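Participant: According to our numbering, the residues represented by the sequence shown are 297 to 506, in order.
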Amino acid sequence: MRVARVVTNETCNQACRFCNARRPRERASIAAAAAVRRRIADAHRAGVHELVLTGGEPTIRPDLLPLLRAAKSLGYRDIKLQTNALLLAPPANAPRLVAAGVTRFHVSIHTHRPERYDALVRRPGAYPSMVRGLAAAVATGLPVVVEVILKEDTYRDLPDALRWLHARGVRQADLWFVSLTDANAAHPESMPRMTDVVPVMAEAFAFARA
């Protein structure tokens, strides 16, 4: 099944060192509203009916709702929003996104531990907004998938992270190993050893299957 993945912008309200998408400044060729609309329309014209809006962080765009409405009006059957959920915390935001056209949320949460979260995303005080934003996404009743990056300093928490997510209504998580590209290319130590990860994954999968 063909899916259009459209980068709406390259800036973000977090600053994860391991991110392979974030840029310090926008490129007009990527973030200009006309350019984003064109990519969305071109994909639909080519016969694609599933759309992923990603970044950067799409929710920091002031024109995200009009972009979603435009995609919905074209006839996209599935519109996935990839987000860190911080800006879903205000009560009205998630319902507005759904009304504009979002059909599923993919939320990036790379640790569930409050003492680690803010340091990982390099935004002090962000953890409570993430928790509220995740709850708001779940409350919409739409599918919510949590994206989890496995790093040397986070993979051991995976079983507890899945339990934490399940207790909050999340029923699916996608697991990714950290990428050794872009700003993280100089930090191979951030990649955990596969032999160390396997038993942790086995415990996590046992919980997921139970």
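Note that the Cβ used here is the ideal one computed from N, Cα and C, for glycine as well. Since we're looking at a predicted model, the values are computed, not measured.
Let me check understanding here. Comparing Cα to Cα, which of 382, 374, 492 and 371 lies closest to residue 311?
Facilitator: Selected option, being the one with the closest Cα: 382.
Participant: Between residue 349 and residue 335, what straight-line distance do the alpha-carbon atoms span, to the nearest angstrom?
Facilitator: Using only the alpha carbons, I get a separation of about 11 Å.
Participant: Return the CA-CA distance between residue 359 and residue 435, expressed in angstroms with no decimal places.
Facilitator: Between the alpha carbons of residue 359 and residue 435 lies a gap of roughly 24 Å.
Participant: With DSSP run on the structure shown, which of helix, strand or coil describes residue 269?
Facilitator: Here the chain covers residues 297 to 506 and nothing more, so residue 269 does not appear.
Participant: Within 10 Å of its beta-carbon, does residue 299 have 16 or more other beta-carbons around it, so buried, or fewer, so exposed?
Facilitator: Here residue 299 is exposed, its C-beta having fewer than 16 other C-beta atoms within 10 Å.
Participant: Taking residue 243 as the reference, give the member of 437, 472 and 363 with the closest Cα.
Facilitator: Nothing in the structure corresponds to residue 243, since the chain is present only between 297 and 506.
Participant: When you compare only the Cα positions, how much space is there between residue 317 and residue 378?
Facilitator: 12 Å
Participant: Following the continuous alpha helix (DSSP H) through residue 374, name the residue where it begins and the one where it ends.
Facilitator: Taken as a continuous stretch (DSSP letters only), residue 374 belongs to no alpha helix (DSSP H), being part of the beta strand (DSSP E) at 374 to 379.
Participant: Among residues of its own chain, excluding the 5 on either side of residue 324, which ones have a beta-carbon nearer than 8 Å to its beta-carbon?
Facilitator: 331
Participant: Would residue 344 and residue 326 qualify as a contact pair, given that the criterion is a beta-carbon distance under 8 Å?
Facilitator: Contact flag unset, no.
Participant: With C-beta atoms as the reference, is residue 448 less than 8 Å away from residue 486?
Facilitator: Their beta carbons are under 8 Å apart, which means residue 448 touches residue 486 by this criterion.
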